[in-house]
Amino acid sequence: MPGGGNRNYKNPCENSWFHLFAIHIFPFCVSINTARNKQGFSVFNERLGDNVPQSTAGIRKRLFKGIKMDFIDLKFQQKRIKGKIDANIQKVLAHGQYVMGPEIEQLESTLAAYVGVKHAVGCASGTDALLMALIAMDIGPGDAVFTSPFTFIATAEVISLLGATPVFVDIAPGTFNINTDKLERAIQAVKSNNPSIHPLPSAQGKLIPKCIIPVDLFGLPADYDAIGAIAQKHGLGVIEDAAQSFGAEYNGRKACSFGRIGCTSFFPAKPLGCYGDGGMCFTHDDRLAETLRSLRVHGQGPHKYENVRIGINGRLDTLQAAILLAKFEIFSEEIEFRQKGAGNYESLMGGNPSVMVPHIPPGYKSAWAQYSILATSESNRTALMDDLNMAGIPTAIYYPKPLHLQTAFKGLSYTFGDFPVSEDCASRIFSLPMHPYLDKEDQKKIVRFLEK
Ligand SMILES: Cc1ncc(COP(=O)(O)O)c(C=O)c1O
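Following this note's numbering, the numbering of the sequence shown begins with 20 at its first residue and continues without gaps.
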């Protein structure tokens, strides 16, 4: 496990009178009912030094004093490693290589080793990582790219940006990830241009199946054994959308290692997040890695002003790489804290008929980017979320509208009913606070609001 954190760290604040006080006497109405909350992280009211001891439960109690509950707590993490973050930032300011400075290569080799792939290519966002991956795999007009409609817009947006066509495939009910039986049918439908086998985008002419983008939703890897077999059978490429799953595992392999290219995001709320936008592509393939490195700098060739392909300005900032290097030192420990938090939720909610907790199949480890549960109905979700939000417990809906029903994709002419599992989940799903520093007492309170 890489450096830094204290393995004996206990999620503290247990039995803290303060939380009872904060929740029941000063209810703070916080609602983060946006599909993608970019802000909303609470502010620390305490003045604390940089040398916060990381091992005592008491420090956590003091840190919590006077703040509301967070949906994702980034402040506590910052306090833990502020000294290291500041030092890394200062190093960048001192050497002045703000673009493609030495921290980029350092981060790339560190994360490539962690994921277990040969190459890592930093870039400006998870969206750019997906875009560059598709360009590197020569995806363009007339190509069908199979993906889930139950994801963030970026997954499918990049397909359309390149003139290719997203062919949506419904999700499996338990995991929220692409249903591999339906994936097989969708490929057959495209090959035979027969929408009676599987819903297809209309008026696209004959499409050529080229690529699958499975999404590791909420941090849980997709079923890569089945997907790999289908891809091989039909000669398709796989690009793993691991924007939410950095740190996750499947059968002992790390997320980002499953496709020909794995793409992740360092958006602040992600399991490994920077302080702005950032992303990374991972691949075993030397040629693809070289193409990705060229694409992120305007299709640069061997010399700075020689351009060998059309690319983008998609570099990761040196400052973000420096911040990520500091955060990565406690990342493995944080992934374990997330397992504990998720385990607490599951045991606390066991047997509650009002909600369905996430299903993690054997062999999988989620990065728990989100802890998303299903209410029994849309009205039940509204009631539960209202209660939680009235008590100062933030919640969010990922995602309220599946992509096939988004206006942005109306040109594909999908209709309601095409992907019933995604539609049903969109109407009942909501997410509870999830981050490495969840306090079990807080979780107990959250769960009590769900027992209605
Ligand atoms: C599944 C998924 N794919 C892609 C992205 C895009 O990542 P970024 O916001 O870094 O561009 C996100 C980010 O929210 C995501 O959740």
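Don't be surprised by glycine CBs; every beta carbon is placed ideally from N, CA and C.
All figures in this text were calculated on a predicted structure; none of them were measured in a lab.
Host alpha helix (DSSP H) of residue i (start-end)
| i | result |
| --- | --- |
| residue 282 | Per DSSP, residue 282 belongs to no alpha helix (DSSP H); it is in the beta strand (DSSP E), 280 to 284. |
| residue 121 | 121 to 134 |
| residue 351 | 350 to 368 |
| residue 428 | Note, residue 428: premise wrong, no alpha helix (DSSP H); not H, not E. |
| residue 392 | No alpha helix (DSSP H) holds residue 392; the beta strand (DSSP E) holding it covers 390 to 394. |
| residue 405 | 397 to 409 |
| residue 345 | 337 to 347 |
Beta-bridge partners of residue i, as assigned by DSSP
| i | result |
| --- | --- |
| residue 300 | 140 and 282 |
| residue 273 | 268 |
| residue 230 | 164 and 256 |
| residue 384 | 268 |
| residue 104 | Beta-bridge pairing links residue 104 to no other residue. |
| residue 190 | 197 |
Extent of the continuous beta strand (DSSP E) run through residue i
| i | result |
| --- | --- |
| residue 174 | Not the beta strand (DSSP E): residue 174 falls in the alpha helix (DSSP H), residues 173 to 180. |
| residue 183 | Looking at the DSSP string, residue 183 is not in any beta strand (DSSP E), and its letter there is neither H nor E. |
| residue 448 | 448 to 451 |
Which of helix, strand or coil DSSP assigns to residue i
| i | result |
| --- | --- |
| residue 313 | helix |
| residue 470 | coil |
| residue 149 | helix |
| residue 97 | helix |
| residue 235 | coil |
| residue 212 | coil |
| residue 85 | Annotation note: pLDDT 39 at residue 85 (below 50); position unreliable, coordinate value reported separately. Coil at residue 85, not helix or strand. |
| residue 461 | helix |
| residue 196 | coil |
| residue 416 | coil |
| residue 225 | coil |
| residue 319 | strand |
| residue 371 | coil |
| residue 118 | strand |
| residue 154 | helix |
Same chain, Cβ closer than 7 Å to residue i, five either side skipped, listed in chain order
| i | result |
| --- | --- |
| residue 173 | 145, 146 and 149 |
| residue 214 | 208 |
| residue 292 | 285 and 286 |
| residue 126 | 141, 340, 343 and 344 |
8 Å Cβ shell around residue i - same chain, five flanking residues per side excluded
| i | result |
| --- | --- |
| residue 100 | 23, 345, 346, 348 and 349 |
| residue 468 | 403, 406, 407, 410 and 412 |
| residue 470 | 371 and 373 |
| residue 249 | 199, 202, 203, 206, 231 and 255 |
| residue 247 | 257 and 277 |
| residue 326 | 317, 318, 319 and 320 |
| residue 178 | 153, 158, 164, 166, 184, 185 and 232 |
Contact with chain D by residue i, beta-carbon distance below 9 Å
| i | result |
| --- | --- |
| residue 147 | Note that chain D does not occur in the displayed structure, where there is just one protein chain. |
Cut-off 6 Å between Cβ atoms - residues of its own chain near residue i, not counting five sequence neighbours on either side
| i | result |
| --- | --- |
| residue 290 | 265, 266, 386 and 388 |
| residue 277 | 243 and 259 |
| residue 135 | 273 and 276 |
| residue 137 | 303 |
| residue 466 | 367 and 368 |
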